[in-house]
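Per the working numbering, residue 8 is the first one in the sequence shown, and the count goes up by one each step.
Cβ atoms here follow ideal geometry from the backbone N, Cα and C, with glycine treated the same way.
Bear in mind the structure is a predicted one, so any value in this text is a computation, not a measurement.
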Amino acid sequence: MRVGPLAGILASSALLVLTFPGPDMGWLAPVALVPLFFSVRFQGAGRAFFYGWLAGLIWFFVSLNWISRTLSRYGGFSFPLSQLPIVLMAAILALYPGAFTAVVPLVKRAGGPWPAIVLPSVWVLTEVARSRFPAPFPWLILGSGFWRTSLILPLYGVVGVFGVSFLSVLAGVVLLEAIESVVDGNRRRLLTRVAVLLVLAIAALLPGYFSGDEGAWRPITVSVVQGDFPQEIKWEGSMKENILDTYLGLSAGAALSGSDLIVWPEAAVTFYYQTEMDLADRIRNFTRKENVDLVFGSPAFAIRDGKVIYLNRAYHVEPDGGEEWYDKIKLVPFGEYIPFHRVLGFLEKMVPGAGEFASGGMKGPFTTPVPAGTLICFESTFPYLAREEVRRGAGILLNLTNDAWFGKTWGPRQHLAASAVRAAENGVPLIRAANTGISAIFDRKGRMVKSIGLFQRGTITATLETGGKRTFYNRSGDLIVYISAFVILLFALRKLSVTRRRPWKIWKDSNSP
Numbered sequence: 008m009r010v011g012p013l014a015g016i017l018a019s020s021a022l023l024v025l026t027f028p029g030p031d032m033g034w035l036a037p038v039a040l041v042p043l044f045f046s047v048r049f050q051g052a053g054r055a056f057f058y059g060w061l062a063g064l065i066w067f068f069v070s071l072n073w074i075s076r077t078l079s080r081y082g083g084f085s086f087p088l089s090q091l092p093i094v095l096m097a098a099i100l101a102l103y104p105g106a107f108t109a110v111v112p113l114v115k116r117a118g119g120p121w122p123a124i125v126l127p128s129v130w131v132l133t134e135v136a137r138s139r140f141p142a143p144f145p146w147l148i149l150g151s152g153f154w155r156t157s158l159i160l161p162l163y164g165v166v167g168v169f170g171v172s173f174l175s176v177l178a179g180v181v182l183l184e185a186i187e188s189v190v191d192g193n194r195r196r197l198l199t200r201v202a203v204l205l206v207l208a209i210a211a212l213l214p215g216y217f218s219g220d221e222g223a224w225r226p227i228t229v230s231v232v233q234g235d236f237p238q239e240i241k242w243e244g245s246m247k248e249n250i251l252d253t254y255l256g257l258s259a260g261a262a263l264s265g266s267d268l269i270v271w272p273e274a275a276v277t278f279y280y281q282t283e284m285d286l287a288d289r290i291r292n293f294t295r296k297e298n299v300d301l302v303f304g305s306p307a308f309a310i311r312d313g314k315v316i317y318l319n320r321a322y323h324v325e326p327d328g329g330e331e332w333y334d335k336i337k338l339v340p341f342g343e344y345i346p347f348h349r350v351l352g353f354l355e356k357m358v359p360g361a362g363e364f365a366s367g368g369m370k371g372p373f374t375t376p377v378p379a380g381t382l383i384c385f386e387s388t389f390p391y392l393a394r395e396e397v398r399r400g401a402g403i404l405l406n407l408t409n410d411a412w413f414g415k416t417w418g419p420r421q422h423l424a425a426s427a428v429r430a431a432e433n434g435v436p437l438i439r440a441a442n443t444g445i446s447a448i449f450d451r452k453g454r455m456v457k458s459i460g461l462f463q464r465g466t467i468t469a470t471l472e473t474g475g476k477r478t479f480y481n482r483s484g485d486l487i488v489y490i491s492a493f494v495i496l497l498f499a500l501r502k503l504s505v506t507r508r509r510p511w512k513i514w515k516d517s518n519s520p
């Protein structure tokens, strides 16, 4: 491999790592792929794929290396051995950027407006594919890099996270062409590309300028309790009463502040609420005495097809004794279930608890003072789950999670970023309760109002505006995905028609080095 392409691969890998938490330099998203474009633009499809795959391998290996901490601490892996699953995971995820770069030379040769519309479309479809199947993992979506940028947050409410990804890649393609124009001395082309970049910047900022406070607002006061119990001791039988005492004690203080709703994290209750009545009654008595709604996570079980299955459940307990629950739908690959079980089933013996859980089903929002859509842990990274909850009437979103497994790594903050994006996409507040942090309250524009840091115990309370008009994204969904598919279809039909007219030339172009 020549030095030039290698430099582009390493530069894009570094920029992609820097875009997301921990470095958290989201403003790099539009330029992150530009060095890689230079490396692959004149290559054949196979080599372009390899360069993109290699860049993706480095990116995912570095950005997701915090998972190795979980494997070494809780799975019994030595540190060197814990790197092997991360390499395998990164190698699989890198297939998506590899597929993207494989088409870059072909699209670049088409010229005209095609690179600016086709390449962002291909990137979006690779992200959607990674988010949907075969083992869904919508983590580190390029468009989520702007989660802390207040001026850009309203854009999520128009085009969603995949739309922001589209615009980021579009900006990168136009920047590439602007640099090419400088090198070629094509002043007219340069001015055109600079003008396009300015238009893109203005378009990205316009939703924030026009976002108003239309609608009838209904306030709700919400509290989050973070118990901060280390994973090593949390599931010891002797701890369950101590944990419950802590949560009830902290919640009593929150109730005094006038909370309408108190939220505990995923699996905050470490006993089976459905069967251990003495402990369950303490929770029911608390909600009745304090006249407050409570949502909390607990393990659960059920009988399905004659077999006992285990569920990751969120309960809602009302002051009048009413109860309802939601069972997690999207399970964590290799954590709560083993994908491709016939081949990878042996991993159940290597990772404690892996593969033990079953998936639940979609339900309507909880009947809290303002209807609440619930997302457990990993589910906050799926745009369509949050959107569907709001479409079904949720005025707030809840994210119950336990990121204690991640330790003081980049993982908790990467997970936190998804909550801000889900709030901004749907125009509703999101309340995030995490066992060891980071717990946070986001307003309906995706701005963080309050938070509790990692490995701290405490409560936060905020009064939030709910109601008003649904965002365009919530009403229309991921239109950008359908637009991207249509653009790619048009390009494919164009190439097909040209191939029929000049088959020998297309064959020669596609196989040129």
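- Nearest in C-alpha terms to A307, of all of W130, G367, L503, is G367.
- Between the beta-carbon of T468 and that of S258 there is about 11 Å, and that puts the pair past the 8 Å contact cut.
- Counting other Cβ atoms within 10 Å of its Cβ, A36 reaches 16 or more and is therefore classed as buried.
- By the 16-neighbour rule on beta-carbons within 10 angstroms, G11 is exposed.
- Residue nearest to P161 within the set R454, Y280, Y489, M246 is R454 (criterion: CA-CA distance).
- A buried status is given to Y480, since no fewer than 16 other beta-carbon atoms sit within 10 Å of its beta-carbon.
- Check the Cα spacing between I459 and each of V110, F303, P419: the tightest is with P419.
- When DSSP states are grouped into helix, strand and coil, E331 belongs to the strand group.
- A direct Cα-Cα distance of roughly 44 Å separates K476 from L503.
- Comparing C-alpha distances from F278 to each of T294, Y322, K296, V299 shows the shortest one belongs to Y322.
- In the structure shown, G260 falls within a helical segment according to DSSP collapsed to helix, strand and coil.
- Taking a contact as a CB-CB distance under 8 Å, the pair E273 and N409 counts as one, their CB atoms being some 4 Å apart.
- L13 and A55 have their C-alpha atoms some 12 Å from each other.
- Pairing M246 with D235, the inter-Cα distance amounts to about 13 Å.
- If you ignore the 5 residues before and after A261, its C-beta comes within less than 7 Å of the C-beta of S230, V232, I269, T466, T468, all in its own chain and listed in chain order.
- By the Cβ neighbour-count rule, F364 is buried, with 16 or more other Cβ atoms within 10 Å of its own.
- Using a 10 angstroms sphere on the CB of N292, the tally of other CB atoms stays under 16, which defines it as exposed.
- For the pair D450 and L423, the CB atoms are not nearer than the 8 Å cut-off.
- E432 counts as buried, since no fewer than 16 other beta carbons sit within 10 angstroms of its beta carbon.
- The Cβ neighbour count for T282, taken over all protein chains shown within 10 Å, is under 16; the residue is labelled exposed.
- Straight-line spacing of the CA atoms in R320 and L25 works out to 35 Å.
- Residues A365 of the same chain have their beta carbon placed closer than 8 Å to that of R311, with the five preceding and five following residues left out of the count.
- With respect to D285, P326 sits apart: the two C-beta atoms are not nearer than 8 Å.
- Between the beta-carbon of I403 and that of P436 there is about 5 Å, and that keeps the pair under the 8 Å contact cut.
- Here G119 is exposed: its Cβ has fewer than 16 other Cβ atoms, across all protein chains shown, within 10 Å.
- The Cβ atoms of V41 and Y58 do not sit closer than 8 Å to each other.
- The shortest C-alpha to C-alpha distance from T294 to any of L263, V315, S305, A309 is the one to L263.
- Boundaries for K314: no alpha helix (DSSP H) harbours it, while the beta strand (DSSP E) harbouring it runs 314-324, taken from the DSSP string.
- P272: not part of any alpha helix (DSSP H); DSSP gives it neither H nor E.
- Around the beta carbon of I448, a 10 Å sphere encloses 16 or more other beta carbons of the protein chains shown; the residue is thus reported as buried.
- Y280 and L213 have their alpha carbons spaced roughly 48 Å apart.
- For T408, the enclosing beta strand (DSSP E) starts and ends at 403-408.
- In the DSSP assignment, G465 falls within the beta strand (DSSP E) that extends over 465-474.
- By the C-beta criterion, the segment 164-183 is judged to be in contact with the segment 194-207, since at least 3 inter-stretch pairs fall below 8 Å.
- Each residue's CA atom was taken as its position, placing A379 and I336 some 16 Å apart.
- Comparing alpha carbon positions, the residue from I290, L197, G192 closest to A185 is L197.
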